[in-house]
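In this note's numbering, each residue's number is its place in the sequence shown (first place is 1) plus 1.
All C-beta atoms, glycine included, are put in the ideal place defined by N, C-alpha and C.
None of the values given here were measured: they were computed from a predicted structure.
I have placed the structure first, in the form of C-alpha cells, so that the comments after it can refer back to it.
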Amino acid sequence: MNLAIDAATGKRLEGIRKMGESQIRPVGLEADRLGRPTPPDHPFFELLLKIGMGRSRWVDGEELETRAKVSAGDSVKEDASRRVGTSRNMLCIAEEMSYWDRGVAVSFPGPGLGEPPLLSMGTPDQKRRFLGPFLEPDRPRWGSFAMTEPGAGSDVAGIEALARKDGDDWILNGDKSFAANASRADWIVVWATIDRSLGREGHRAFVVERGTPGLGDFFVERKMGLKAYESTSFTLRDCRVPAANLIGGEEHYARRAGFKGAMRSFNATRPLVAIMAVGIGRAALDEALAFARENDLLGDPRVRDRLERTRRRLRAARLLCWRAAWLADHSRPNILEASMSKAVAPAVALEATSLGMELLGEVGGRGDHLIEKLFRDVKAMDIVEGTGQIQRILMARKLVQLPRD
Ligand SMILES: Cc1cc2nc3c(=O)[nH]c(=O)nc-3n(C[C@H](O)[C@H](O)[C@H](O)COP(=O)(O)OP(=O)(O)OC[C@H]3O[C@@H](n4cnc5c(N)ncnc54)[C@H](O)[C@@H]3O)c2cc1C
Numbered sequence: 002m003n004l005a006i007d008a009a010t011g012k013r014l015e016g017i018r019k020m021g022e023s024q025i026r027p028v029g030l031e032a033d034r035l036g037r038p039t040p041p042d043h044p045f046f047e048l049l050l051k052i053g054m055g056r057s058r059w060v061d062g063e064e065l066e067t068r069a070k071v072s073a074g075d076s077v078k079e080d081a082s083r084r085v086g087t088s089r090n091m092l093c094i095a096e097e098m099s100y101w102d103r104g105v106a107v108s109f110p111g112p113g114l115g116e117p118p119l120l121s122m123g124t125p126d127q128k129r130r131f132l133g134p135f136l137e138p139d140r141p142r143w144g145s146f147a148m149t150e151p152g153a154g155s156d157v158a159g160i161e162a163l164a165r166k167d168g169d170d171w172i173l174n175g176d177k178s179f180a181a182n183a184s185r186a187d188w189i190v191v192w193a194t195i196d197r198s199l200g201r202e203g204h205r206a207f208v209v210e211r212g213t214p215g216l217g218d219f220f221v222e223r224k225m226g227l228k229a230y231e232s233t234s235f236t237l238r239d240c241r242v243p244a245a246n247l248i249g250g251e252e253h254y255a256r257r258a259g260f261k262g263a264m265r266s267f268n269a270t271r272p273l274v275a276i277m278a279v280g281i282g283r284a285a286l287d288e289a290l291a292f293a294r295e296n297d298l299l300g301d302p303r304v305r306d307r308l309e310r311t312r313r314r315l316r317a318a319r320l321l322c323w324r325a326a327w328l329a330d331h332s333r334p335n336i337l338e339a340s341m342s343k344a345v346a347p348a349v350a351l352e353a354t355s356l357g358m359e360l361l362g363e364v365g366g367r368g369d370h371l372i373e374k375l376f377r378d379v380k381a382m383d384i385v386e387g388t389g390q391i392q393r394i395l396m397a398r399k400l401v402q403l404p405r406d
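Spelled out as C-alpha cells, the structure:
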C-alpha cells in the first residue's frame, strides 16, 4: 500500500491546518458554548464557498462514477493511473478537518451523506439535477441523508416510513430522526419501504426536495457533543414526490438492488467516519501531551507509557481506515475492512479523550477546556454509520463464513 500523499492533497492539508486554527476550531467552540448549530447564514460558510469547498465530487456530467462504484466495492474496470488514491485523499482531508472540529466539518456545505447513494445508484438525470447545483454553488447548499427512524436505527431493515405509488408520483408517510443538516438542505435522500413485510427488498430511496408539501416538523435535536452541525428529526405526511425522484428509477429496484445500494453507501462512508474519529483522538492526544509537558508529568513512566500507547493505537487505526480506502481505490471489496475501521477507530479515539480527561483531572472536569469538549464529541463516532457493536457482529458473521486456509 502506497502511503504517500499526492502533492495536491498535501497542499489542501496545509490549507486546512491554517484554516483549522483560525476558523474551524473557533467556530466549533462558539457553537459548543452557545449550545446550537452554526446558523446557515454564518459568514464562515460563504468563506468556505470562496475557497472552493462545499462542492460535489460528481464532475461535469461524467462524475467520478468509477470512484463511487469502487468505494462501493464493485469490481469495475477503471483507469487506475488517473483514479487511484482518490478515497484515501478524502480520508486525509476528513481527518485533518476533524482534528480541528468534527462538528464543524459535518456542518460544511455540500451534498454530504446524500451524495454516495446518488453517485452509486442515481440516474444521469438525477445526478445532473441534484448534484449539478453543487458543482459551482452560488450560495452555501446542503444535502442530507435520512435513514434512521425513532424505531429503526441499527436495524435499518426495519424502517417503517411508507412509500405508496399514486399515478406518476409517490406518497411518503413516516418519521425520520437525527438526519445531518436536514432542515437547511436543498434535498434529503429519504429511505422508505413500499411494503413493511418485504423487509430489505421493499426499500426505496427518494430525493425529497425542500418545500415539498408534507415535509416538515423539523426539530433540531439537542446533543451532548458535535454541536456545530444540526441533527434533525422531521416528518413526512402525505408527502408527494415525483417518480423521477426515485433514486435509480424502478428498474434499479427490480434488480433487488435497493438495500444493497444503502449498504454500499455505508461501505464508502464508514472508513470516512472512522478516520474522523482518529482526527478527534489526535487532537485529544495533543492536548494531553501539552498538559503533561506544562505540568511536569512527563517524568512519570506511567504517563509516558499511556501517551505512547495512545499514539500507537491511533496510528494503527488510521492504517485500517487507509487500507479500507486503498481497497476501494483498487476496485476490491472492502466490506470487512470498512467495518474493521469503524469498529476500531472510534474506540481508540474514545480512549484518547479519556486519557486526556484523566491526566487533566479537575482542569478537564471544569468544563471549559478543549479536552472536555473532545470527550463529549467523540462518543457519537461510535454510534453513527453503524455502532461499534453492529460492526463487530458483521465481522464475526463474515469470519465464520470464511473457508479454511
Ligand atoms: C450525532 C448523530 C448523528 C447522526 N446522523 C445521522 C444521519 O445523518 N442520518 C441518519 O439516518 N441517521 C443518523 N444518526 C442515527 C444513527 O445512525 C443511529 O443512532 C444508529 O444507527 C444507532 O441506532 P439507534 O440510536 O436507534 O440505536 P439502537 O439501534 O436502538 O441500538 C441501541 C444499542 O443496542 C445495540 N444493538 C442494536 N442491535 C443490536 C444487535 N442485534 N445485537 C447487539 N447489539 C445491538 C447498539 O449497538 C446500541 O449500542 C445519527 C446519530 C447520532 C447520535
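{"Asked": "Name the two residues that bound the continuous alpha helix (DSSP H) containing Val28.", "Found": "Arg26 to Leu35"}
{"Asked": "Give me the Cα-Cα distance between Asp196 and Gln390, rounded to the nearest whole angstrom.", "Found": "28 Å"}
{"Asked": "Just to confirm before moving on: does the CB-CB distance between Leu114 and Ser57 stay below 8 Å?", "Found": "no"}
{"Asked": "In whole angstroms, give me the CA-to-CA distance for Glu15 and Arg283.", "Found": "17 Å"}
{"Asked": "How big is the Cα-Cα spacing for Ala122 and Arg303?", "Found": "Looking at the sequence shown, residue 122 is not Ala but Met. Near 51 Å, if we compare the C-alpha coordinates of Arg303 and Met122."}
{"Asked": "Spatial neighbours of Arg393 within its chain, please: C-beta separation below 6 Å, excluding the five flanking residues on both sides.", "Found": "Ala344"}
{"Asked": "Leaving out five residues on either side along the sequence, give the residues of the same chain with a beta carbon under 8 Å from the beta carbon of Met54.", "Found": "Phe109, Pro110 and Gly111"}
{"Asked": "Are the Cβ atoms of Lys228 and Asp33 separated by less than 8 Å?", "Found": "yes"}
{"Asked": "For Glu137 and Gly144, I'd like the C-alpha separation in whole angstroms.", "Found": "15 Å"}
{"Asked": "Relative to the C-alpha of Leu360, which candidate in Glu252, Ala293, Pro243 and Gly29 has its C-alpha closest?", "Found": "Ala293"}
{"Asked": "Hey, could you find the ends of the beta strand (DSSP E) His204 is sitting in?", "Found": "His204 to Glu210"}
{"Asked": "Check this for me: beta carbons of Val242 and Phe207, under 8 Å apart or not?", "Found": "yes"}
{"Asked": "Take Trp327 and list the residues in its own chain whose beta-carbon comes closer than 7 Å to its own, dropping the five residues that flank it on each side.", "Found": "Met2 and Arg89"}
{"Asked": "So is Val60 buried or exposed if we call it buried at 16+ other beta carbons inside 10 Å?", "Found": "exposed"}
{"Asked": "Does the segment 345 to 353 come into contact with the segment 329 to 337, if we say contact requires no fewer than three beta-carbon pairs (one atom in each stretch) closer than 8 Å?", "Found": "no"}
{"Asked": "Can you tell me the Cα-Cα spacing of Leu65 and Arg238, whole angstroms?", "Found": "Caution applies to Leu65, whose pLDDT of 48 falls short of 50 and renders its modelled position unreliable; the model cannot decide the point."}
{"Asked": "Does DSSP classify Trp59 as helix, strand or coil?", "Found": "coil"}
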